[in-house]
Amino acid sequence: MNTYLKKTFIIFDRELKGYFRTPLASIFLLVFLALSSGMTFFLGRFFERDQADLSAFFAWHPWLFLILMPAIGMRLWAEERRSGTIELLMTLPVTNTQLVIGKFLASWIFTLIALILSMPIWITVNYLGNPDNNVIFISYIGSWLMAGAFLALTSCLSTLTKNQVIAFIISSISGFILVMAGFGLVLSAVRSWAPIWLTETIRSMSFLSHFNRIQMGVFDFSTLLFFVSMIVFCLWINIQLVQIKKAD
Amino acid sequence: MSLKLINAKNLTKSFDDFIAVDNIDLDVSRGEVVGFLGPNGAGKSTTMKMLTGFLEPDSGSIEICNVDIKKDPLQAKGFIGYLPEGAPTYSDMEVCDFLSFVGKMRGLDNKKLLSSRLSDMADQINLKEVWNRPIETLSKGFKRRVGIAQALIHDPDILILDEPTDGLDPNQKHEMRSLIKNISKNKAIVISTHILEEVEAVCSRAIIIADGKLLANEKPENLGNKFLQTDAVSIKISDKIEKKLINEIKSSLKYKIVNIEPNKKNHYEILIEDKKENLNLNKIMTELKKYKLNIYEASFLKNSLDDVFRKITQQK
C-alpha cells in the first residue's frame, strides 16, 4: 500500500473504531434495525401486501436516512473543531483530502454494516416466497449509495459548526430538501411557474426520484452518476471548508 | 543542513482587522530551547500555529529544516512534534491506541520501531500506569503528558510546545522541565509559557511578544541588563525609625528613589533604586553610618524576569 492510501486507511481505521468505542454504534444499529423493520411490517404492511419483495423495506430508507445519516456524520468535523483535535490532525503530515476521505469512508462503511445486519429480512422474504433477488441486491446497493450521498452532505455541513446538534439539524434540513425535490407536490408547485428545464433540474437532484428508479430494479448509469457525483461534490466542498474553517 | 532548524522571516497574520502577528522574524537552532513569552492574546499561539503549518501566514516565509513549509508542507510537518494549546487528544481512545495512531500517521510504519517508540514514551513520560486507560478518565497532568508523548513519538528534530506545563502540579512541572532539558541537546525546541521561572529554568533564549510584535529576543539572564535601567538596594534595620529621621535620611541620600518603610514589627527597610552604576553598597553604608542604625542586612535586589516582562510589555 502506498503512503497516501496508508494514511487514509489509518484515519479510516481510527474513525470506524471510534464508532464502536462508545455506545453510539450499538444504539445506532439497534435504532436502524428497529425502525427499518417496524416501518416495513407496520407502516409498509409487509404481510398484507402479500408480495415477495422488499419494496416495503426500501421505500422508507430515504426518510430513515434523513435522520440517521446526520446522526452518524454530525460528529465527523464538528467534534474535531469543538475539542481542538483538528489542530493536532492538521499538523500531522497528511493532506485535507486524505482526512476527509478517510473519515467519510469510515462512516460509509459503518452504514454498510447496518445494511448487512438488516439482511435477515432478505432471508425471510426468500423463505416466504420467491422474490426477484436481483432487484433486492440492486436496491441494497442503491440504498448504500444514497446513504453515502447523505453522509457526504452531513460531513460537509459538519465543518460549518462546532456543535454536533446544529450539524445534525442543518444536515437533516438539507437532506429533507433534497428528498422533497422529487415529490410530486413540490414538482407540480414548481411546474406551475418555472420553465421545464428548472423543473427537470430540481427533479433530477432528488434523492427520492433516483432511489425510486433503483427500487424498481432500474439501475442505470445516470443514477449511479448522480449519487457518485453528489458524494464527490460534497466531499470536494468538505475539503475546501475544512481548510477555511479550521482555525475559526 | 544549516544549524537553523526553524527559520521564519517577516511573519504577519491578521484575522479580519486584527493583526495577530506583525512582521516577526524567528530562528531556532539545534540545541536551543526558546521560551516564547507574552501576555494573553499577544500572538504566541498564532505564531506557533504558523510554524507548525496549521495556519498560513499572510506574508513572510517559514523554513523548517531548510524545507519551505508552503512549498512542501507534508515534508516540513514531518520534522515537527507539536503540542497544541490545551493538549487536545481523542479522549475516547486509550493512551496506547492514541499514541500508536499518531505514530503511524507520523510514518512509524515498522511495527518493531513503533512498539519500541511506544515503550520509550511509556518510560520517558511516565505513562505506564495509565497505558490502557481511556484518555477521558485521566487527570489533567496525565492528559498533558499524553499530549507531550504524541509530540515526541517520532523523535522529531523540532518540538513546538504551547504551554506544556499548564495545569501540572509543581512536581509534574519540575519533571516536565527536566524532560525538556534532557531532550534539548539535539533538538530545536520552542515553548510558550506564562510562567517566567520556567523560562529561567529551561530556556536558552527568551522571546517576548506583545500585540503581535517582537519586543525582546535575548538570553534570559541578559534581559534584565538590557531592558531595566535601574537596580535596587535593600537595607534592613532592626530599629524603629522616627518620621523626622526618615525625612532626614531621605533628603541626604541622593538617589533616584529612596523609600523607607516598616516591613515587620519595629523593623524598617530602606529601598534605594537608581542606575546600576550609581549604586555602590559600601558607599551607601558609609552614608548611613552617621545615623547609627542597627543594620542587619544589606543586599542588591536582583531584577526578576517578572519585572522585565512587565516593563517590556507595558512600555510598548
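Quick note, the sequences are listed as chains A and B, same order. Start counting the first sequence at -19; every next residue gets the next number (my numbering). Start counting the second sequence at 31; every next residue gets the next number (my numbering). Glycine included, each C-beta is placed from N, C-alpha and C at the ideal position.
For residue j and residue i, believed in contact at Cβ under 8 Å, the rounded distance
{"i": "residue 41/B", "j": "residue 51/B", "result": "5 Å"}
{"i": "residue 46/A", "j": "residue 166/A", "result": "In fact, because the Cβ distance is near 15 Å, the residues do not count as touching under 8 Å."}
{"i": "residue 128/B", "j": "residue 176/B", "result": "7 Å"}
{"i": "residue -4/A", "j": "residue 94/A", "result": "Not really, about 13 Å apart at Cβ, beyond 8 Å."}
{"i": "residue 23/A", "j": "residue 135/A", "result": "Not quite, the Cβ-Cβ distance comes to about 29 Å (not below 8 Å), so this is no contact."}
{"i": "residue 283/B", "j": "residue 302/B", "result": "7 Å"}
{"i": "residue 207/B", "j": "residue 231/B", "result": "5 Å"}
{"i": "residue 123/B", "j": "residue 183/B", "result": "Not a contact, Cβ separation roughly 14 Å."}
{"i": "residue 79/A", "j": "residue 69/A", "result": "6 Å"}
{"i": "residue 221/B", "j": "residue 65/B", "result": "6 Å"}
{"i": "residue 210/A", "j": "residue 129/A", "result": "4 Å"}
{"i": "residue 64/A", "j": "residue 103/B", "result": "Contact doesn't hold; Cβ gap of about 20 Å is too wide."}
{"i": "residue 126/B", "j": "residue 162/B", "result": "6 Å"}
{"i": "residue 73/A", "j": "residue 107/B", "result": "4 Å"}
{"i": "residue 161/A", "j": "residue 176/A", "result": "So it is not a contact: roughly 15 Å between Cβ atoms."}
{"i": "residue 39/B", "j": "residue 73/B", "result": "In fact, because the Cβ distance is near 16 Å, the residues do not count as touching under 8 Å."}
{"i": "residue 178/A", "j": "residue 119/A", "result": "Not really, about 30 Å apart at Cβ, beyond 8 Å."}
{"i": "residue 238/A", "j": "residue 206/A", "result": "Summary: the structure shown does not reach residue 238/A, with chain A confined to residues -19 through 228, and so no result is reported for it."}
{"i": "residue 58/A", "j": "residue 174/A", "result": "Actually they are not in contact, since the Cβ atoms of residue 58/A and residue 174/A sit about 35 Å apart, beyond 8 Å."}
{"i": "residue 131/A", "j": "residue 88/A", "result": "6 Å"}
Within chain A, partners of residue i - CB distance below 8 Å
{"i": "residue 153/B", "result": "The contacting residues do not exist; residue 153/B stays about 23 Å from chain A at best."}
{"i": "residue 104/B", "result": "73, 74, 75"}
{"i": "residue 129/B", "result": "Within 8 Å Cβ-Cβ: nothing; residue 129/B doesn't reach chain A, min ~12 Å."}
{"i": "residue 84/B", "result": "67, 70, 71, 226, 227"}
Bridge partners - residue i, DSSP secondary structure assignment
{"i": "residue 222/A", "result": "Answer is none; residue 222/A lacks a bridge partner."}
{"i": "residue 38/B", "result": "56/B, 92/B"}
{"i": "residue 266/B", "result": "299/B, 327/B"}
{"i": "residue 246/B", "result": "238/B"}
{"i": "residue 289/B", "result": "301/B"}
{"i": "residue 218/B", "result": "188/B"}
{"i": "residue 49/B", "result": "44/B"}
{"i": "residue 164/B", "result": "124/B"}
{"i": "residue 336/B", "result": "DSSP lists no partner for residue 336/B."}
{"i": "residue -12/A", "result": "Note: residue -12/A sits in no beta bridge, so no partner."}
{"i": "residue 67/B", "result": "223/B, 238/B"}
{"i": "residue 294/B", "result": "297/B"}
{"i": "residue 98/B", "result": "93/B"}
Residue j beta carbon less than 8 Å from that of residue i
{"i": "residue 325/B", "j": "residue 238/B", "result": "no"}
{"i": "residue 126/A", "j": "residue 41/A", "result": "yes"}
{"i": "residue 80/B", "j": "residue 69/B", "result": "no"}
{"i": "residue 52/A", "j": "residue 84/A", "result": "no"}
{"i": "residue 331/B", "j": "residue 269/B", "result": "no"}
{"i": "residue 133/B", "j": "residue 148/B", "result": "yes"}
{"i": "residue 78/B", "j": "residue 190/B", "result": "yes"}
{"i": "residue 131/B", "j": "residue 61/A", "result": "no"}
{"i": "residue 290/B", "j": "residue 279/B", "result": "yes"}
{"i": "residue 311/B", "j": "residue 328/B", "result": "yes"}
{"i": "residue 4/A", "j": "residue 44/A", "result": "no"}
{"i": "residue 54/A", "j": "residue 154/A", "result": "no"}
{"i": "residue 261/B", "j": "residue 306/B", "result": "yes"}
{"i": "residue 187/B", "j": "residue 218/B", "result": "yes"}
Chain-ordered neighbours of residue i on chain A, where CB pairs are closer than 9 Å
{"i": "residue 136/B", "result": "72, 73"}
Listed by chain order, chain A residues near residue i by CB distance under 7 Å
{"i": "residue 108/B", "result": "73"}
{"i": "residue 114/B", "result": "64, 67, 68"}
Contact list for residue i against chain B, beta-carbon separation under 7 Å
{"i": "residue 2/A", "result": "122"}
{"i": "residue -6/A", "result": "131"}
{"i": "residue -13/A", "result": "135"}
Amino acids of chain B, ordered along the chain, whose beta-carbon sits closer than 9 Å to that of residue i
{"i": "residue 61/A", "result": "Near residue 61/A there are no residues of chain B at all, since even the closest Cβ is about 10 Å away, more than 9 Å."}
{"i": "residue -2/A", "result": "120, 122, 123"}
{"i": "residue 52/A", "result": "What residue 52/A touches in chain B: nothing, since even the nearest Cβ is about 16 Å away."}
{"i": "residue -10/A", "result": "131, 134, 135"}
Contact list for residue i against chain B, beta-carbon separation under 8 Å
{"i": "residue 82/A", "result": "Those do not exist, as residue 82/A stays about 10 Å from chain B at its closest Cβ, beyond 8 Å."}
The ligand NAP heavy atom lying under 7 Å from the CB of residue i
{"i": "residue 54/B", "result": "Ligands in the displayed structure: none, and consequently the ligand NAP is not present."}
Residue-chain proximity (residue i, chain C), Cβ-Cβ < 8 Å
{"i": "residue 124/A", "result": "Included in the structure are the protein chains A and B, with no chain C among them."}
Runs of alpha helix (DSSP H) wholly within the stretch 108 to 160 of chain B (minimum 4 residues, chain order)
125 to 135, 141 to 154
Can you check the stretch 124 to 165 of chain A for any alpha helix (DSSP H) of at least 4 residues that lies completely inside it and give the ranges in chain order?
144 to 160
Report the start-end ranges of each alpha helix (DSSP H) in the stretch 28 to 64 of chain A that is 4 residues or longer and not cut off at the edges.
35 to 38, 41 to 53, 55 to 63
Let me know the alpha helix (DSSP H) ranges lying completely inside the stretch -8 to 21 of chain A, each 4 residues or longer, listed in chain order.
4 to 18
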